[in-house]
Each structure stands twice: as C-alpha cells, then as structure tokens.
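If you count the sequence shown from 1, position 155 lands on 155 in the UniProt record's numbering, and the numbers rise without skipping.
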Amino acid sequence: MGVQNSLLPGLRHVTKQLAQLLLLVLLLWMLFFLVVFTYFTDSQVNQPHKITTFNSESEHSTYVQHSSRAIMASHNSHWRLYADRKGPFQHRQVFQPPRAREEFYFRNFGERHPRARKYLRKPPRSGYSDDYFSNDWSVVRGLWKGQVSSKMLNHRLQQALKDHVHSNKHNVLYKGQRKANKSVEEMLCQMKRQAQLRTLDGSEQPFAHLGFKQLASSKLQKMYTTCAVVTSAGAILNSSLGREIDSHDAVLRFNAAPYKGYEKDVGSKTTIRIMNSQILANPKHNFSSNLLYKDITLVAWDPAPYNIDLHKWYQQPDYDLFTPYINHRKNFPEQPFYILHPSFIWKLWDIVQSNTMENIQPNPPSSGFIGIVMMMNFCEEVHVYEYIPSMRQSNLCHYHEKYYDAACTFGAYHPLLYEKLLIKRMSTASEKDLKKKGKVTLPGFSKINCPL
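Laid out in structure tokens, this is it:
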C-alpha cells in the first residue's frame, strides 16, 4: 500500500502531461487544417479566368451578346420574365440574363458596378501584389503623353482584349485604312466627316412599318456654346469641380449616375442624359418614374450587328429598349427622347480602329466616347471631365458606388484605352487641366475647318 501510494502522484503527473500533449497536437492539427482550407479558398477566388469561346448562336444570344455595356450599367439582374406587350412587340422576349452568367463575366473583367458584396473588390493594401492593379500609373502617364499601347496593360486586361478580339461576337470586319500618326487636324476632320449624329427616325424597316415615325422626336439640332461631359469615374470625387461644370451651357451625364449628394464634385445641372439600353430594360432603375430621367433630353443606345441589320437588331437587341421607348413617348410626348442609330455607333468604332495599328476590341465604343462625340455635334466647345484620368486616378469604378476595378478605366470589353488615346490626341487642354482636373477640351464640329 505504501508503494502504491507513492506511485500515484507520479502517474497523475504523467497522465496530465499526456493530456496536455494530446491537446497541443489537436490544436496544431486544427490550425493546419484551417491554413490549408484558407489557402485553397483564396486560390479559387483569385483564380484568373478567360472569357469562354462560344460555338453556337444560341450561346451568343444568351451570354456573350448580353454583357456589352456593363461598364456603365447597374447590378441586380434576377429577373427572368417576359414584359407585358401590346401590338407588334408582344411576341418578342425581353432579355433577362441569368445571374450566374453575369457574375461570371463581371467577376473576371469588372465592367459593371455591382453592389453585391460577394464580388466587391477593394483597393490593394500597400505592398499587395495583384497583376489586375499593376501598371495603372504607367498607363495613366502614357495617356497624359498621348503614347500608350495595350502592352502597358496588366496581364488580365491584355488577356481580356485578346479574348474579345478572338470571339468577335458582332462579326466585325474592318476594311478601312489605318494610320497611327495622323495630325490633330486630320483626326478632327475625320471625326467631323464620319461622325455626324444620326438617330432612329422611323423611316427604315422594320421601324417604318411599326409606326416609329409618328413617335420620333423632332431632330436634335439645338446648338450650345460650351458643354460639359461629366463621366461617372470615381476619380471625380474630391475634385470640387461642381461649380465649373454647372457654368457650362449644357451638361451631359451618363446612365443612372446621380448628382444629389455629390454636387460639390459633379454639379447639379443636367441637360442631356445618355443611357445604355439596360437602364431602360432593368426594373431596378425605375426608368418610367425616376425623377433622374425627367425634364431633360434623353438619348438611348443599344448595339446592333456591325453590318447594321436592323431587322435582327429589332428582334434581338442587347436589352429591350424599344418597348420602354414606345411607352415613354406615349406617356411623355413633350420630352425629347432619341435612340441612336446603330450606324452612328459603328462609325465611331471605325474611327477609333483607323487611328491605331493594333487590333482593338471588336465591340461597340463606350457610352463615354459616344457621348463625347455626340456633344461635338452641337457644341462649339466640349469640356470632358475625368475621361482621361487626373492625378486623383484610383480603381474606384464610379463615384457613386464602392466597386474597384482597373477595367473601368482602361477597358476590357470596350476599346476604352484606344478611345481615350484618340481623345487625348485631339484635346487642346493644358497639361495642368489634364492632371489637376482630368479635363480635356475639344472643338465642336462647327468650329473645325477642313479642306475641301
């Protein structure tokens, strides 16, 4: 008994040590499992993707074709219904893309500004290495100098460009000449000759048969002395440009970009608002009732095939803009409302391609570029804010939404880089205005004198 009693304390001590050792091993194993799980989760999230190459027309119509103007539109496309229609539109489907396809595309190339926290991309911390955000400032400096190339873009944007050139979903076949070293006069005169504004007037089929001529607003022809084009870029925040913007005779804004709460930076005056077709088609924007679209001139656009097949465009628009347009014209006949003719859109693309030796994305130009050239048609002088980034440049896509992506500035789907290079080369703004305000100044067509 004495011996047993003397051994008990030792056994208890050994048992306690074994229990502690087992607990330590268990904790280490749990820590190892957590590290491995975190590693594989992060690798899945950060895995770069490529745009799928589509092999059938049906796949084109359900995915590739429906991401075209995502840079300037808003999030949340859960809807998969058919719009109530009357008359000739009752059998045509409103495109309502499945959420999965949209998230796949925008997760990779960011040409949308979703609020969905799942895909919210935040700016990198100091020292953080991510090729999606690399080289940004070298591209900005290149734009300031008017000397940029797609080779200056980060790897993902270069790959996006290559994938879009390869997919060529609009069947673009450019046969024009290319010249990368045109003089300012040559570029401006080319723009004046080839980019005369054209809107849908209902004189062509199938729109003539459908009665569009009776709905069309009178021709856009009012002239302004000075005009401001206010982009939605995040870099305009903290610019204090609002007063200068409002001092212009006419102000152009884009899509659903608000001004309330941002007046100090973006001003409050709105004369014209240009919208991609998703703004009209997506119920989220409440196009028919939202005060953002009241008491101003409205201009909408949607890409047609490069060969300007109006019948196919009417049957398969990117988003159905025709039904909302008809309803709006009937309900508010006094409000000027126009749809840009697809030939105008693709002529702008031709101009951009003709001024570079590189193959640009065979997709429609951005709303920004379309809006700038549109204003050159009826303004003596056009001042564009934060289209070419200022020293405030960041990867914040839009000033009114917390979403970060370099594609919003340099392009993935749209040929943004080449558009901006062309605008910079035509600009008469000072280096100070460009770097401090992000402002470029362009003469309107009425002030461009060209040789006969």
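Quick reminder that beta carbons are idealized off the backbone N, C-alpha and C, glycines included.
Owing to the predicted nature of the structure, the values given are computational and were not obtained by experimental measurement.
How is residue i classed by DSSP in three states: helix, strand or coil?
{"i": "K424", "result": "helix"}
{"i": "L23", "result": "helix"}
{"i": "C379", "result": "strand"}
{"i": "Y418", "result": "helix"}
{"i": "F337", "result": "strand"}
{"i": "T356", "result": "coil"}
{"i": "K432", "result": "helix"}
{"i": "V440", "result": "strand"}
{"i": "G371", "result": "helix"}
{"i": "F33", "result": "helix"}
{"i": "V165", "result": "helix"}
{"i": "D318", "result": "coil"}
{"i": "L310", "result": "helix"}
{"i": "E102", "result": "For E102, the predicted model reports a pLDDT of 37, less than 50, meaning its position is unreliable and no value from the coordinates is stated."}
{"i": "N287", "result": "The sequence given here places Phe at residue 287; Asn does not occur at that position. Reduced to three states, the DSSP call for F287 is coil."}
{"i": "R156", "result": "helix"}
{"i": "L28", "result": "helix"}
{"i": "L173", "result": "coil"}
{"i": "Q17", "result": "helix"}
{"i": "I448", "result": "coil"}
{"i": "K151", "result": "helix"}
What are the boundary residues of the beta strand (DSSP E) that residue i is part of?
{"i": "R388", "result": "Looking at the sequence itself, residue 388 is Ile, so the reference to Arg does not match. Per DSSP, I388 belongs to no beta strand (DSSP E) and is neither H nor E."}
Per DSSP, what are the beta-bridge partners of residue i in this structure?
{"i": "W346", "result": "Its beta-bridge partners do not exist; DSSP assigns none."}
{"i": "A233", "result": "H398"}
{"i": "residue 455", "result": "Outside the modelled stretch of the chain, which goes from 1 to 452, sits residue 455, for which no answer is possible."}
{"i": "residue 473", "result": "Absent from the structure is residue 473, since the part of the chain shown begins at 1 and ends at 452."}
Going by C-alpha distance, which of the options is nearest residue i?
{"i": "V384", "options": "G146, I272 and L442", "result": "L442"}
{"i": "H341", "options": "D302, R193 and F378", "result": "D302"}
{"i": "L157", "options": "I448, D433, K432 and P415", "result": "P415"}
{"i": "S213", "options": "L200, K447 and M223", "result": "Checking the sequence, you will find Lys at residue 213 rather than Ser. Closest by alpha carbon: L200."}
{"i": "S150", "options": "M376, K435, L417 and L298", "result": "L417"}
{"i": "Y404", "options": "F410, A412 and N395", "result": "N395"}
{"i": "K179", "options": "Q20, E381, D350 and G444", "result": "D350"}
{"i": "S366", "options": "D295, I274, C227 and H400", "result": "I274"}
{"i": "N363", "options": "G411, M152, L421 and V266", "result": "G411"}
{"i": "M357", "options": "Q147, S138 and K16", "result": "Q147"}
{"i": "M376", "options": "N238, M223 and L292", "result": "M223"}
{"i": "S247", "options": "G267, G176, D295 and N154", "result": "G267"}
{"i": "K402", "options": "L210, H166, G444 and A233", "result": "A233"}
{"i": "D265", "options": "M152, A216, S240 and Q278", "result": "S240"}
{"i": "Y293", "options": "W313, L161 and L252", "result": "L252"}
{"i": "A300", "options": "L291, D318, Y306 and K439", "result": "D318"}
{"i": "N238", "options": "T428, M391, K424 and M426", "result": "M391"}
{"i": "Q316", "options": "P324, P305 and N359", "result": "P305"}
{"i": "M187", "options": "P336, K439 and Q353", "result": "Q353"}
{"i": "C408", "options": "E244, I388 and K424", "result": "I388"}
{"i": "S446", "options": "K284, Q17, M191 and V165", "result": "M191"}
{"i": "F207", "options": "E263, Y314 and S218", "result": "Y314"}
{"i": "Q361", "options": "V440, G261 and Y413", "result": "Y413"}
{"i": "P283", "options": "K269, T297 and A256", "result": "A256"}
{"i": "E386", "options": "K169, N181, K424 and N355", "result": "K424"}
{"i": "P336", "options": "Q194, Q20 and K219", "result": "K219"}
{"i": "N290", "options": "K312, F369 and H328", "result": "H328"}
Starting from residue i, trace the alpha helix (DSSP H) both ways and give me its first and last residue.
{"i": "T409", "result": "A407 to F410"}
{"i": "N327", "result": "F322 to N331"}
{"i": "S138", "result": "D136 to K145"}
{"i": "A281", "result": "S277 to A281"}
Compute the minimum distance between the beta carbon of residue i and the heavy atoms of the ligand GDP, and state whether it is under 7 Å.
{"i": "N282", "result": "Here there are no bound small molecules, and the ligand GDP is not part of this structure."}
* Which ranges would you report for the beta strand (DSSP E) in the stretch 183-269 if only whole runs of at least 3 residues count? -> 224-230 and 250-254
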